[in-house]
Each structure stands twice: as C-alpha cells, then as structure tokens.
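Enquirer:
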Amino acid sequence: MSRPMGESHKRFLQTMMSNGIISTSQAKALHRHCCETHGAHFAPDRLEEFIDVINTNLQPMFMHIRKGTSEEDGAQHYALVNMAETDITRMSSDYADNELELFRKTMDLILDSENGTASSTDLLNCADRLQTKKMKKKETEHVLNKFVQDKWLNEKQGEYTLSTRCIIEMEQYIRSVYPDLVRMCHVCHNIVLQGQVCENPDCGIKIHYYCVARYFKGRINPHCPSCNDFWAHEIPEIQPESQSQSSSTRESAAPTPSTSSTRRSRRH
Amino acid sequence: MSESKRKTSRSIQEEAANGAVGRSRPERSADTGEEDEGAGPSGIHEEDDDPAQRREIRSQYRDLINSVQQNREDMLNPANNKLFDVLEEANKLFANVRQAREAALDAQLLVLATDLGREKASQLHAEGSAFDPSAFAEHLLSFMGLNRLEEEEDGDANLGGYMPPDAWQRLSKKAQYCFKTAPSFHYMFGSFLAEPPPPRQRVERQRKAPSKEAKRIMPTQLKKMEESHQEATEKEVERILGCLRSYFADDPQSPILYYEFVVDPNSFSRTVENIFHTSFLIRDGLARVYLNSNKLPCIAPVEEGELEPGGANARHQCVISISPATWKEIIEAFDIKEALIPSPKVLSQEG
Amino acid sequence: MSQSKRGSSQNRRSQMVVDDDDEGSFTQPSLSQVQRARDNFTTVQVDRKVAEVVQFILIKDQRKIPIRRTDIVKHVMKEYRSLYLDIMKRADRTFEQVFGLKLVEIDSKNHIYILTNRLEQSLEEPISMCPANPKTGLLFVILGIIFMKGGSVKETLVWNTLKKLRVDVGERHEDFGDVKKTISEEFVRQKYLEYVRIPHTEPLEFEFRWGQRAESEVSKLKMLQFIAELHDQEPQSWTQQYREATSAENTQR
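Next up, the structure:
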C-alpha cells in the first residue's frame with residue numbers, strides 16, 4: 279500500500295494544481311512552507327521523496343508531478359501532468375474544439391520548424407482553415423493569448439514556442455506523434471525544439487541553446503561535437519540560473535503580450 | 012350586477028395592473044380621460060365626478076408612487092423621514108378621493124409604503140448598526156486604491172477619481188480568504204485525440220530539407236525587429252521605393268496594380284517579404300494604395316510635397332494575409348509572369 | 009423579519025428533500041442488486057472506477073459548474089451504477105486523503121455535487137495556493153451585500169452599488185467582460201448566486217440570493233470580519249449578521 283499523504287503533501291499538491299508548474303527553488307520554498315504550516319518534519323534534502331509520496335497516491339488518477347527542463351535557460355521545473363488519454367480526459371472543458379485544433383496546428387508548425395518556433399502570421403493564417411470551426415483573426419489572437427496565460431505556449435516578438443509545462447506534459451505525445459520530426463539534443467539527449475543545428479548537411483545534429491552555451495563555453499573556435507565541422511552559429515551566453523526569477527518574469531509578462539509589433543508587420 | 016358597476020370594477024383592476032408602470036403619466040391620463048366620458052356612472056354626485064379634478068388626483072398619486080419606487084434606498088435610509096412625508100402627502104390627497112379608481116391608487120401606494128415601512132422598521136429595531144451599501148462601496152473604493160484627488164472636480168463627484176488597474180485583483184487577494192474554493196486541475200495532454208499530423212507536412216519537409224538555398228529564401232523572421240534586421244529592412248524598403256518610382260516614371264498614366272507589383276511568381280516567400288516591406292512605404296506616406304475603376308488595389312508613389320497635412324487621420328489600415336494557395340491564385344488571375352521587384356542582390360548571387 | 013422566514017422555509021425544503029431520494033433517471037438499486045454487483049466486479053475493477061470518478065469530477069470542476077449524478081452515471085459509472093453509493097463514498101475518501109478536498113452534495117434532491125477545500129489558505133505562502141482571480145472580488149461584493157441585507161437584495165441595489173465601484177452592467181469590463189452575463193448567468197450556473205423573479209412585480213423585478221455553492225464554500229464569519237475591517241468597526245456591531253455568521257460557522261464544519 280502507498281504511504282498516506284499528510285496535510286503538508288495535500289497543500290503541496292493543491293498548489294501544484296493551481297499553478298501547473300513551479301521552478302525548483304519555488305518547490306523548495308513550498309516544501310518548507312507546507313511542512314511548517316502543518317507541523318510536519320521538514321528535511322530540506324528530501325524534496326524528491328516528499329513528491330514521491332504524492333505521486334504514488336496520484337497514480338490511480340493518472341496524474342503525476344514530473345520534473346523537466348526549461349528550453350529557455352536550462353532550469354529545472356516541476357509540473358503537475360496528466361498521463362492518460364481516455365474518453366473522460368477528453369471531456370476537459372478548458373478549450374473548445376477549434377481552440378484545441380489551433381493548438382495542435384501550432385504544435386505541427388513548431389515541430390516542423392528548424393528552431394522550434396511558429397510565427398504569429400502563420401498561426402493567424404491557419405485559423406481560416408480549421409476543420410472544426412473557423413476562427414477570426416481577432417479571436418485567434420485572443421486564443422493564442424489564452425494559451426500563453428495558461429502556460430502552454432510562450433510568446434516573444436510574434437514567435438510562439440512550446441512552454442516548459444507543455445513539453446514536460448507532452449513529451450511522450452510529441453515523440454509518438456512526430457517520430458520523423460522530433461529531435462534529441464546531442465549534448466543532454468533530451469527532446470529539443472529550440473536550439474541550433476549543425477550546418478553540415480550530412481550531420482545536422484541539434485543542440486539546445488543552453489546546452490550550446492555550456493558546451494562551448496570558453497572555446498574560441500567551436501566545432502560540432504559530432505562531425506567536427508565549424509559550428510557556424512553565435513554561441514549564446516550562459517543564463518544566470520536564478521530560476522525563480524526567470525519564471526516570475528515569464529508569469530508577469532504573460533497576461534498581456536504586446537501585439538503591437540505583430541500588428542505593425544502585418545499592417546498594410 | 013349593473014353595467015356601470017362592472018365597468019368600474021374592471022377599470023380598477025386595469026389601474027391596479029397598470030399603476031405600477033406609472034411612468035408615462037401624460038399618455039395614461041389622456042386615454043383614461045376617454046374612458047371617463049364613456050363610463051358615465053350613475054348614482055354618483057355631480058361634484059364627485061369632476062373629470063379634471065379626478066385626473067389631477069390620479070396624476071399626483073402616480074407621481075408619488077413613482078418617487079417612492081425610484082428612491083427606494085433613500086426611503087429606507089434611517090437618517091431621514093421621507094417615508095413619513097410620503098404618507099402625509101397621501102393623506103392630503105385621500106381627503107379628496109371620492110371614487111374607486113382613485114382609491115385603488117391610494118391602496119397601491121399604501122402597499123408600497125407598508126412594505127418599505129416594514130423593512131425600515133426591521134432595520135431600526137435590529138440591534139446594532141444598520142448596513143449601508145453606499146458606505147460599503149466607499150470603503151471598498153478606498154481599499155481598492157481609488158485615488159480621489161485625480162479628476163475630482165469633474166462634474167459627477169460620485170464617479171471621480173482614478174482606479175488603479177489592479178483594483179479588483181487587490182480586493183480578490185484579500186477576499187479569497189473567505190472562500191474555500193477547491194483548486195482545479197488543468198492539462199493539455201489527453202484533452203484531444205492523438206492523431207499524426209497530415210502526411211503532406213512531412214513530405215514538404217523532406218523536400219525542402221536538402222536544399223540549403225531553398226532554406227535561405229524562406230521568409231526571414233518578419234517579426235524580429237532587432238537592430239541588424241531593422242537596418243536591413245530600411246535598405247530593402249528604400250530599394251522597393253526605387254523600383255516603384257522608376258515604374259511610375261516610365262508611364263505615369265497607367266496605374267500599377269498592387270498585386271502585380273508585390274507578387275513574385277517564382278517565390279512565395281519573396282512575395283511575403285515584398286508585401287511586408289511595401290507596407291512601410293504606405294505607413295510612412297511614401298506610397299499610397301487606392302482602388303481603380305475595377306475595384307482592384309493599385310499602388311503609386313507619393314510625390315514630395317504631395318503629402319497631405321494631417322494625413323494620418325485620413326489613412327486607413329487593413330490586414331492582408333496570403334497563403335501559398337492564394338498566392339498561386341493571384342498569379343493565375345493576374346497572369347503574372349515575372350517579378351516587378353527583383354530579388355535583392357545577395358540572393359541573386361547565391362542563386 | 010423576512011430573513012428568519014426565508015431561513016426556515018429553506019430548512020423545510022432541505023428536510024423534505026432528504027425523504028424523496030428516488031427522483032431522476034437513476035433508480036435506487038435493491039440490496040440484492042448491490043450485493044450481486046459487489047460479487048461481480050473485482051476489487052481492481054472497482055478501484056479503477058473510483059479513480060475514474062475522481063478524475064471525472066476534477067475535470068468537471070475546471071469551470072466550477074456543479075456536477076450532476078446523472079452525468080456521473082452516464083459518463084463514468086455505466087454498468088457499475090448499482091455500486092453508486094459505494095463508489096461515491098470512496099471517491100470522497102480519495103478527495104479527502106489525497107487532495108485535501110471535500111465532495112459536497114449541495115442539492116440532495118437532484119443529486120448535485122461540488123468540490124470544496126478542506127485546507128485553509130495560509131498567509132505568507134511562497135507561491136499562492138489559489139492565485140487571485142478578479143471575479144472573486146466581484147463575488148465577494150455581491151455576496152457581502154446580500155448577506156448584510158438579510159439574505160436577499162433587489163438586483164437594482166447590486167447594479168447601483170457596482171456602479172459606484174466603476175463597474176457598469178451595461179458596459180464591457182476589463183476584468184469581467186459582459187458584467188450582467190458574468191453575474192446573472194455564470195455565477196448562477198456555478199451556484200454562487202440565485203437570481204429569481206420577485207413575484208407580483210410589474211415591470212419584472214429580480215432579486216439575488218446566495219446560491220448553494222456559496223452556502224458551502226463561503227465563510228460568513230470571515231466575510232463579516234473583512235467587511236467590519238473595511239468599515240473600521242467590530243463584526244459584533246452588526247448583531248444579527250454576527251449571530252448568523254457564527255452559527256453558520258458551527259454548522260458548516
């Protein structure tokens with residue numbers, strides 16, 4: 279039988295439900311807070327065990343708190359995910375059918391792109407061709423905004439990417455639905471969407487931006503770790519790994535992504 | 012039952028039913044006036060049946076009923092005596108009431124007043140303080156961070172001041188401690204049927220993967236307006252303006268069709284880039300787009316000095332979208348054989 | 009006065025309701041049927057059904073619309089329906105033991121359920137257990153007025169008060185969208201509010217009351233305490249409301 283959950287575990291789980299995803303440093307602070315609130319013993323190095331207790335109890339419902347890495351900065355996060363696809367899970371009422379279709383089209387475009395992005399123009403265009411129900415441009419913009427607010431997509435200057443939460447939950451799905459398109463990072467061997475590709479057409483390996491930054495750190499003349507060709511990309515800087523900061527800025531930026539830049543480019 | 016009596020009782024009912032509406036007083040008294048003539052009640056003293064006086068009484072009753080209904084909160088306010096004043100007023104009116112129709116109105120007013128009186132009494136007799144929604148609203152406004160100093164002198168003193176955009180968020184943060192709301196669980200995986208994407212997509216990718224040149228020609232990320240790109244954009248915009256001006260100079264009489272100008276029949280991505288860059292010409296007032304007699308959009312350069320003052324107001328915006336399919340349709344429809352805007356030099360060298 | 013009257017009629021209604029449990033499309037299985045079903049299904053099968061019901065209720069709660077028994081039976085229980093009571097009891101246990109939530113039957117006549125929280129929100133959370141939603145503030149204002157005015161208020165009072173708070177029913181609001189729709193449809197569907205016609209009014213007049221969800225989800229005492237804090241008064245100074253709030257607090261637990 280599974281170990282029973284204490285009140286501290288339940289509080290941790292509820293916070294995960296409300297937030298969907300939290301950074302490692304947030305998880306540590308939350309772990310402490312939950313234990314202290316309910317007078318449970320707090321062992322700072324036992325976060326993983328603490329989460330394991332929750333996961334064992336969640337298993338019958340096909341829910342899980344899973345760890346994953348942000349493609350933006352390589353920081354670790356915890357996300358509460360659903361692991362099953364059934365008649366029941368498809369009754370989710372968060373999005374309408376055409377909104378879900380738009381989301382899948384977004385994934386198609388992102389997976390099909392070299393650097394893991396989909397431009398807002400392409401997305402706005404595919405909204406006219408939705409099979410479930412067509413969407414107007416304004417509506418599409420609104421729905422895309424909602425995906426960003428709900429932390430399924432990230433948006434930067436009119437470019438949409440899959441969020442850390444989305445990748446953590448959808449990784450298996452992506453591997454099975456896009457077997458020909460999905461790429462693994464040559465350095466960390468995890469799935470990679472946003473990254474750099476070796477320019478040598480016979481090689482073409484892909485590496486996360488943050489893995490590139492770490493791998494080539496301090497090298498003046500970077501060469502591909504696979505084919506040894508010159509690595510013809512700008513080497514990104516290593517991001518300061520202040521995880522809580524990175525996620526909080528994303529949150530605060532989420533509600534009102536400016537559409538002014540996208541408008542300008544489409545204006546005529 | 013006598014004819015007249017039936018008539019009277021019917022009109023009492025009518026009054027009772029209509030009375031509460033009581034807003035369109037002038038019309039009402041007009042059409043009741045007609046009825047009065049027909050009613051010609053028997054057995055009623057002459058002096059009791061002066062239609063003008065009766066109309067006047069009814070009208071005053073309706074005014075009173077109206078004012079009670081509309082100032083309900085005011086009437087209930089423990090700080091004043093308005094309800095009592097209303098009843099005084101009604102007593103005065105009732106002194107002149109002789110007939111059932113007026114009496115019915117009086118009854119209606121009394122029902123209203125008793126209702127209010129009961130509510131007011133329950134307030135007064137309740138131990139402790141009474142709750143005043145207006146005061147509540149004022150306290151909430153302060154809590155939500157209303158800045159009363161700004162725009163205060165603007166006519167409506169009630170709605171002056173500046174509310175910060177996070178006002179409701181601020182209230183919610185505190186108010187949610189009253190709620191035992193369960194958090195809800197949201198997910199993306201499993202909310203739709205897992206299906207592979209249409210095969211067309213994969214074919215496309217395989218086709219374009221080997222050709223490096225093809226990749227280069229793909230529309231550069233139009234949204235990225237970083238410094239280096241910005242400069243490139245400006246150059247490209249100038250180059251296109253040059254093209255437009257030279258075509259126009261060649262034959263100033265014949266209009267240049269917009270689509271013929273921007274569409275590159277050999278490259279969809281070049282077409283998109285042309286549309287993008289041309290849009291800057293229009294935004295900056297260096298070119299204008301208008302419809303010709305066939306309602307087709309045409310483009311022409313704007314001569315220096317031709318720039319109309321306050322032009323920004325007269326300008327219209329529109330968004331156009333173009334897909335490979337519509338691009339092909341346009342090429343066919345306009346029978347476009349070659350690009351009016353040649354590819355930029357860098358690309359033509361490589362190609 | 010009118011307040012106590014309404015209270016008692018409500019009690020009468022809920023008592024009456026407990027007696028006729030058999031309404032709706034769902035027919036109460038006989039004891040032998042239940043016994044047969046218990047023998048027919050393995051523990052693993054029943055465990056899975058319980059988990060599915062929990063999953064279903066969680067999903068239906070995403071928009072805070074109350075969950076009907078008929079939907080649970082139709083979409084999840086299916087051939088397990090004779091074990092309905094067993095399974096619901098175990099689902100409630102899962103909600104308590106795993107999630108810290110409570111499955112509440114807010115309408116025992118039509119068998120309608122909602123989830124409420126067993127955990128109290130604590131101050132100074134590193135990440136909020138319940139990220140603030142501006143609609144909570146709106147609900148607080150409306151439920152607060154209703155409660156302070158003795159249990160029901162005319163809609164015009166609500167609209168007028170909101171207007172003072174710069175929320176105009178006739179206009180789109182930044183946070184609430186179509187205000188009238190949010191209040192008189194969404195909140196009503198979620199059972200936070202009841203929106204009912206006042207009899208014998210011409211033109212039609214409507215009043216608001218607390219909905220069944222509000223009754224089990226909202227703490228009257230905490231609400232009164234916050235309202236008192238706003239007025240810079242003691243909660244006890246509203247004697248009647250204070251009495252009602254404290255007694256509600258005792259029965260809600």
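Residue numbers (our numbering), protein chains in the order written: chain X, 279 to 546; chain F, 12 to 362; chain U, 9 to 261.
For each residue, glycine too, the CB sits at the ideal point set by N, CA and C.
Predicted model, so just to flag it, every value in this text is computed and none were measured.
#1: Determine the extent of the alpha helix (DSSP H) in which His287 (chain X) is found, giving its start and end residues.
#2: Just mark Val204 (chain U) as buried or exposed, buried being the case when its beta carbon has 16 or more other beta carbons within 10 Å.
#3: On the DSSP letters alone, give me the boundaries of the beta strand (DSSP E) that Met341 (chain X) sits inside.
#4: Assuming Leu116 (chain F) and Tyr188 (chain F) make a contact with CB atoms under 8 angstroms, what is their CB distance in whole Å?
#5: Does the region 349 to 362 of chain X come close enough to the region 118 to 137 of chain U that 3 or more CB-CB pairs lie under 8 angstroms?
#6: Per DSSP, what kind of secondary structure is Arg250 (chain F) in: helix, strand or coil?
#7: On the criterion of 16 or more Cβ atoms from any shown chain inside 10 Å, does Arg251 (chain U) qualify as buried, or is it exposed?
#8: Quick one: is Lys82 (chain U) buried, meaning 16 or more other Cβ sit within 10 Å of its Cβ, or exposed?
#9: I'd like the span of the alpha helix (DSSP H) that includes Lys171 (chain U), first residue to last.
#10: Val54 (chain U) and Ala99 (chain U) look like a contact to me (Cβ under 8 angstroms); what is the Cβ gap, rounded to whole Å?
#11: In terms of alpha-carbon separation, which member of F:Phe142, F:Thr337, F:Ala141 and F:Ala344 lies closest to Leu268 (chain F)?
#12: Rounded to the nearest angstrom, what separates Ser227 (chain U) and Asp330 (chain X) at their Cα positions?
#13: Which residues in the same chain have their Cβ closer than 6 angstroms to the Cβ of His288 (chain F), if we skip the five residues on either side of it in sequence?
#14: Which residues mark the beginning and the end of the beta strand (DSSP E) in which Lys484 (chain X) is found?
#15: Give the residues from the region 91 to 106 of chain U that approach chain F closer than 8 angstroms (Cβ to any Cβ), ordered along the chain.
#16: Going by the DSSP bridge assignment, what does Ala396 (chain X) pair with across the sheet?
#17: When we look at the beta-carbon of Phe95 (chain F) and count the other beta-carbons within 10 Å, is it buried (16 or more) or exposed?
#18: With distances taken from CA atoms, which of X:Ser301, X:Leu408 and X:Glu437 is nearest Gly346 (chain X)?
#19: Using the three-state DSSP reduction, which class does Ile352 (chain F) fall into: helix, strand or coil?
#20: So, at 6 angstroms on beta carbons, what are the nonlocal neighbours of Pro243 (chain U) in its own chain, with the 5 sequence-adjacent residues on each side left out?
#21: Does any residue of chain U bring its CB to less than 8 angstroms from the CB of Leu151 (chain F)?
#22: Any idea what DSSP makes of Phe190 (chain F), helix, strand or coil?
#23: Helix, strand or coil, according to DSSP, for His355 (chain X) in the structure here?
#24: In this structure, how does DSSP classify Pro266 (chain F) when only helix, strand and coil are distinguished?
#25: Helix, strand or coil, according to DSSP, for Glu409 (chain X) in the structure here?
#26: Starting from the C-beta of Ile80 (chain U), find all residues in its chain whose C-beta is less than 7 angstroms away, skip the five residues before and the five after it, and write them out in chain order.
#27: With 8 angstroms as the threshold, decide whether the Cβ of Ile135 (chain U) is near any Cβ in chain X.
#28: When Cβ atoms are compared, which residues of the region 212 to 231 of chain U fall closer than 7 angstroms to chain F?
#29: Rounded to the nearest angstrom, how far is the Cβ of Asp206 (chain U) from that of Phe216 (chain U), given a contact under 8 angstroms?
#30: Is it the case that the CB of Pro503 (chain X) approaches a heavy atom of the ligand NAD more closely than 7 angstroms?
#31: Out of curiosity, what's the CA-to-CA distance linking Ile341 (chain F) and Ser348 (chain X)?
#32: Please classify Met174 (chain F): does DSSP put it in a helix, a strand, or coil?
#33: Using a C-beta to C-beta distance shorter than 7 angstroms, which residues of chain X count as neighbours of Ile75 (chain U)?
#34: Can you check whether the C-beta of Ala168 (chain F) is within less than 8 angstroms of a C-beta belonging to chain U?
#35: I'd like to know if the region 418 to 427 of chain X and the region 306 to 324 of chain X are in contact, where contact means that at least 3 CB-CB pairs between them fall below 8 angstroms.
#36: Looking only at its chain, what residues have a beta carbon closer than 7 angstroms to the beta carbon of Arg216 (chain F), apart from the 5 residues adjacent to it on each side?
Expert: Let me lay it out:
#1: Glu285 to Asn297 is the span of the alpha helix (DSSP H), which, as asked, contains His287 (chain X).
#2: Exposed, by the Cβ-count rule.
#3: Taken as a continuous stretch (DSSP letters only), the beta strand (DSSP E) holding Met341 (chain X) covers Met341 to Thr347.
#4: 51 angstroms between Cβ atoms; not a contact.
#5: Contact between the region 118 to 137 of chain U and the region 349 to 362 of chain X is not established, with fewer than three Cβ pairs separated by less than 8 angstroms.
#6: Helix.
#7: By the 10 Å Cβ count, Arg251 (chain U) comes out exposed.
#8: By the neighbour-count rule (16 or more Cβ atoms within 10 Å), Lys82 (chain U) is not buried but exposed.
#9: Counted as a single uninterrupted DSSP element, the alpha helix (DSSP H) harbouring Lys171 (chain U) occupies residues Glu163 to Lys172.
#10: So it is not a contact: roughly 11 angstroms between Cβ atoms.
#11: Measuring from the Cα of Leu268 (chain F), the nearest candidate turns out to be F:Ala344.
#12: Approximately 34 angstroms, taken between the alpha carbons.
#13: The residues are Glu247, Val248 and Ile251.
#14: Counted as a single uninterrupted DSSP element, the beta strand (DSSP E) harbouring Lys484 (chain X) occupies residues Lys484 to His486.
#15: The region 91 to 106 of chain U vs chain F, Cβ under 8 angstroms: nothing.
#16: Residue pairing of Ala396 (chain X) in beta bridges, as defined by DSSP: X:Tyr438.
#17: By the neighbour-count rule (16 or more Cβ atoms within 10 Å), Phe95 (chain F) is not buried but exposed.
#18: X:Ser301 is the residue among X:Ser301, X:Leu408 and X:Glu437 whose C-alpha sits nearest the C-alpha of Gly346 (chain X).
#19: Three-state DSSP puts Ile352 (chain F) in coil, outside helix and strand.
#20: Around Pro243 (chain U): Leu232, Gln233, Ala236 and Tyr250.
#21: At least one chain U Cβ lies under 8 angstroms of Leu151 (chain F).
#22: Strand.
#23: In this structure, His355 (chain X) counts as strand in the three-state DSSP scheme.
#24: In the displayed model, Pro266 (chain F) falls within coil according to three-state DSSP, outside both helix and strand.
#25: The residue you asked about is not Glu; residue 409 (chain X) is Gln in the sequence shown. Reduced to three states, the DSSP call for Gln409 (chain X) is coil.
#26: Taken in chain order, the residues that qualify are Val61 and Phe64.
#27: Using a CB distance cut-off of 8 angstroms, Ile135 (chain U) counts as an interface residue toward chain X.
#28: Those would be Glu225, Val226, Ser227, Lys230 and Met231, in chain order.
#29: The amino acid occupying residue 206 (chain U) in the given sequence is Ile; Asp does not appear at that position. About 11 angstroms separates the two Cβ atoms, so there is no contact after all.
#30: No copy of the ligand NAD occurs in the structure displayed, which carries no ligand at all.
#31: Distance from the CA atom of Ile341 (chain F) to the CA atom of Ser348 (chain X), rounded to whole angstroms, is 43 angstroms.
#32: In this structure, DSSP gives Met174 (chain F) a state outside helix and strand, which the three-state scheme calls coil.
#33: Within 7 angstroms Cβ-Cβ: nothing; Ile75 (chain U) doesn't reach chain X, min ~11 angstroms.
#34: Since pLDDT at Ala168 (chain F) reaches only 47, below the 50 mark, its modelled position is unreliable, and no value is offered.
#35: With contact defined as three or more Cβ pairs closer than 8 angstroms, the region 418 to 427 of chain X and the region 306 to 324 of chain X are not in contact.
#36: Note on Arg216 (chain F): pLDDT 42, under 50, position unreliable in the model; no value is reported.
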